[in-house]
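Contents: one structure, followed by commentary.
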Amino acid sequence: MNPALPASHRTAVTRRSALKLTMMGLAGTAVGAGGSAVFPWLAKGRPGPYRFFTDAEAELLVAICEQIIPRDDVGGATDAGVIHYIDRQVAAGMLREHAPTYRRGLEAFRLTCLAAHQAAFTELSTEAKTEVLRTIEAARADPAPWGEPAQDAFFRLVVDHTMQGFYGSPRHGGNRGYLSYRMLGLDYPQVLGRNKFRSLEP
Amino acid sequence: MNQRHVNAVVVGAGAGGGIVAKELAAAGLSVVLLERGGWISFEQHDHDELFTRLQLAYGPDERHPRMAQTTPGQWRRVISSESGYSNNAACVGSGTVFYGAMGWRFMEQDFRMRTTYGVPENSTLDDWPISYADLEPFYEKAEREIGVSGDMTTNPFSPPRQRPYPMPAFPYNREGRMLKGAADRLGWHAFPIPMLRNSVPYRGRNACIGCRYCVGFACEINAKNGSHNTVIPAALATGNCELRINVMVSEVTVDERGRARGVHYFDGQDQAHWQPADLVVLAGGAIETARLLLNSKSPLFPNGAGNRHDWVGRNLQGHTYCGAEGHAAEETYDDVGAGATIAISDFNHGNPGVCGGAMLCNGFIVTPYSFTRVRPPGAARWGKAHKDFQRRYFKHRLEVHGPVQEIPLFESRVEVDPAVRDHWGIPVARMGGRRHPLVLEIARFIAAQAENWVREAGATDIWTRVPTGLQGAGGQHQAGTCRMGSDPTTSVTDRHGRVHEIDNLYISDGSLHVTNGGFNPALTIMALGYWVGHHIVQDWRGGRPR
Ligand SMILES: Cc1cc2nc3c(=O)[nH]c(=O)nc-3n(C[C@H](O)[C@H](O)[C@H](O)COP(=O)(O)OP(=O)(O)OC[C@H]3O[C@@H](n4cnc5c(N)ncnc54)[C@H](O)[C@@H]3O)c2cc1C
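Here it is, written out as structure tokens:
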């Protein structure tokens, strides 16, 4: 697990961390097979543990987000739970209007990648992934699978939502443990108070 | 449903509307104040950046679409969270609930732009029918009643003032102190930004504690001053004013004798109401006030109330922002809000060969998600480069910018869309036209000064921000669509905000601005609110609007 997460997140098998295990492919089958009693949302006949995305869509989106904010000495999009932010908000939150865009965009993305590399995006090397994303960002991929959304617009949308999930308030599902605030060296909760303010005066 | 007749109905509880409602109620008129939004409280959003940026937190909601111009002659339907909407807000207080709260007076020259610069080709640049001196006592009233912290003693370009600010200025933050030293070395005259925010406890409200979250957020401790926590409560306390929220005004009725009779509106359950009144004041903001007049057709005014000469909706202006930013070796970020503390007025006027100018100031704290949009042209938006940029720059910014005074154009305008209607079936506003090409020249000049300033303060890797296109007048600082003037054939209201030919119909918001100054406009809109209110009361006592 990611050492950048606070201990509470590392140990407790919260619904979130179980989902994360699933999407990282570490515990997918276990949860998928026996999980419906323990994880009631699985019993709804949905294809996966996400509220909106199928397992396959989520796997692809996680891989894209990981390139948008990669892990280095600080955690990246996956560690911050960006997929949960997007999934939750697209399913029934602030981004719900983008649901059809995600469905169509991820499918077009998958086809683009298959046509260019004869492989799934998740199986590519980091260099190849970056190349695919650069091509789509610049709208240089074969436009055939892309109607609405256009490839570059779709990529900009995913970049923006990844940023929201990484830097926004944790209450919306991302920025787990204020990971990005810690990266920027911002106090959270912020230090409020007149003492700090007054100290500025000559 | 017919409502009880009152003396005055005021449409819109924002900056201008709240003040007029209070002035009339305090003078003893019975007033109904109609607002399409509701009350906002800090608890609804906390310090949640995404909620305030993405959630239509302050309105208006999806029921209020507009048409934004894509290319000349083409429009697309947008809601308030989308670009091109030119949103301010829809709630009690409107933008004054969550604004940055800079409280600027315009300068003397800002009221006589034509006299100062002549009329640039194709423009409708003009002088105001009132002078700075006319408005000065009303600026002072706004500064005292709403509450401004400031100190202009080090600004030789400050217009003359009768009295000092009611509260001391805020101190410079760390970035401000670096910029102060640089301004001194450059021979410029830096001063603290006047703020509609309490530096000390004021009129029963708290002093600011310098938290990180100011612009874009309602104040947690009520230290930021808008119409919602000053004049509107004062109006209600007179017992003469009733505020109705979540009501959408659709039309002003003007009779065959050219008198306003009242307004039609829909309540929160979409029920239609008729509110008769002796006089009507429109304060819906520069876009909605123009829309309302254009939608108020009558036999006497078939093209909309006050629109006999086709000036309603014309001259839509905002501000063309430009600036410069770079990296400072030492940390500039001290986590003390609001962040914007220092300004200069050296380049508002008197710039050789340039038609106007702007003040320059440092910026408000940009919270982490919003900061992902702060990038030099061509910078990578994602990948490791994104993260590296966030880490390198977030606490090391040196940034100044300014609102360039725009040059009004007749063709830059608000119309009503012939086909698209809102939730209630009211034709929506559509914005069109462009900005005057001279504005880009001014912006390049101002950005060059901004660059000098941050360089002198120690910035490296500097980039400037100058708009490239001319599209999109309006925005948060929308103004100018019902300009005041002495000639009824080239303006919409007289010098007191009374619509030409409709003796009992007044306007009190940013629409009145002939030009929009090189400063944020709210304090001027507030001063005009007191000015218009004062003259309505005078007219009323003289027996005129009845
Ligand atoms: C994020 C932000 C930061 C800002 N920072 C600053 C700053 O630092 N300094 C500054 O000077 N200015 C600032 N402004 C701008 C300032 O808020 C506006 O200039 C000012 O509020 C405009 O005043 P107004 O009276 O013209 O209109 P508004 O204050 O917008 O009031 C109009 C009101 O009328 C209501 N209304 C409209 N039509 C109808 C209708 N048909 N029926 C019922 N109600 C209606 C609207 O809902 C609204 O509440 C900022 C604005 C924003 C959004």
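Chains as they are written, first to last, in the working numbering: chain A, 55 to 256; chain B, 17 to 562.
Beta carbons are placed, not taken as given, at the ideal position from N, Cα and C, and that holds for glycine.
Not a single CB atom of chain B sits nearer than 8 Å to the CB of Gln172 (chain A). Asp351 (chain B) has a beta carbon lying within less than 8 Å of a beta carbon in chain A. For the C-beta of Gln121 (chain A), the chain B residues within less than 8 Å are, from N- to C-terminus, Trp398 and Gly399. Residues Cys498, Arg499, Met500, Thr509, Gly513 and Leu544 of the same chain have their beta carbon placed closer than 7 Å to that of Leu528 (chain B), with the five preceding and five following residues left out of the count. Look at the stretch 60-93 of chain B: the residues with a C-beta under 9 Å from a C-beta of chain A are Asp62, His63, Asp64, Glu65, Leu66, Phe67, Arg69, Leu70 and Gln71. Arg52 (chain B) has its CB nearer than 7 Å to a heavy atom of ligand 1.
Between the stretch 81-99 of chain B and the stretch 225-234 of chain B there are fewer than three C-beta pairs closer than 8 Å, too few to call the two in contact. As summarised for the stretch 288-344 of chain B, the continuous beta strand (DSSP E) elements at least 3 residues long and confined to that stretch are 288-298 and 335-343, given in chain order. Contact residues of the stretch 407-419 of chain B toward chain A are Arg407, Phe410 and Lys411 (C-beta to C-beta distance below 8 Å). Listed along chain B is no residue with a C-beta nearer than 7 Å to that of Gln205 (chain A); the closest approach is about 15 Å. Interface with chain B (8 Å Cβ-Cβ cutoff): Leu233 (chain A) is excluded. Contact between Phe207 (chain B) and Met168 (chain B) holds, with the beta-carbon distance rounding to 6 Å and staying under 8 Å. Within chain B, the residues whose beta carbon sits less than 7 Å from that of His226 (chain A) are Leu66, listed in sequence order. Membership of Trp398 (chain B) in any beta strand (DSSP E) is not indicated, and neither H nor E is assigned to it by DSSP. For the set B:Thr357, B:Thr336 and B:Asp350, the Cα lying nearest the Cα of Ala374 (chain B) is the one of B:Thr336.
For Tyr181 (chain B), no CB of chain A lies under 8 Å from its own CB, so it is not counted at the interface with that chain. Contact check for Met118 (chain B) and Asn536 (chain B): beta-carbon distance about 5 Å, within the 8 Å limit, so the pair qualifies. Look at Trp120 (chain B): its beta carbon is less than 7 Å from one of the heavy atoms in ligand 1. When secondary structure is reduced to three states using DSSP, Met217 (chain A) falls in the helix class. Contact annotation: Arg429 (chain B) and Arg330 (chain B) have beta-carbon atoms nearer than 8 Å. Beta-bridge annotation (DSSP): Gly448 (chain B) is paired with B:Arg429.
Rounded to whole angstroms, the gap between the alpha carbons of Met264 (chain B) and Arg79 (chain B) is 11 Å. Among the CB atoms of chain A, one or more fall inside 8 Å of the CB of Cys227 (chain B). The beta-carbon separation of Ile123 (chain A) and Lys411 (chain B), rounded to 19 Å, does not stay under the 8 Å limit for a contact. Taking non-hydrogen atoms of ligand 1 into account, the C-beta of Asp286 (chain B) is found less than 7 Å away from none of them. Between the alpha carbons of His152 (chain A) and Ala174 (chain A) lies a distance of about 24 Å.
By the Cβ criterion, the stretch 189-199 of chain B is not in contact with the stretch 210-221 of chain B, since fewer than three pairs of Cβ atoms, one from each stretch, lie closer than 8 Å.
Here Gly228 (chain A) is actually not in contact with Gly159 (chain A); their C-beta atoms are around 19 Å apart, not less than 8 Å.
The continuous stretches of beta strand (DSSP E) do not include Thr68 (chain B), which lies in the alpha helix (DSSP H) extending over residues Glu65 to Leu70. DSSP places Ser165 (chain B) within a strand segment (E or B) once states are collapsed to three.
Cys167 (chain A): member of the alpha helix (DSSP H) spanning Ala153 to His171, first to last residue. Using a CB distance cut-off of 8 Å, Thr189 (chain A) does not count as an interface residue toward chain B. Closer than 7 Å at the C-beta level to chain B, one finds these residues of the stretch 128-149 of chain A: Met148.
Neighbours of Ser223 (chain A) in chain B, taken as residues at a C-beta separation under 7 Å, are given in chain order as Asp64, Glu65 and Leu66.
Inclusion of Ile541 (chain B) in the 7 Å shell around ligand 1 follows from its C-beta lying nearer than that to a non-hydrogen atom of the ligand. At a cut-off of 8 Å between C-beta atoms, His512 (chain B) does not count as an interface residue with respect to chain A.
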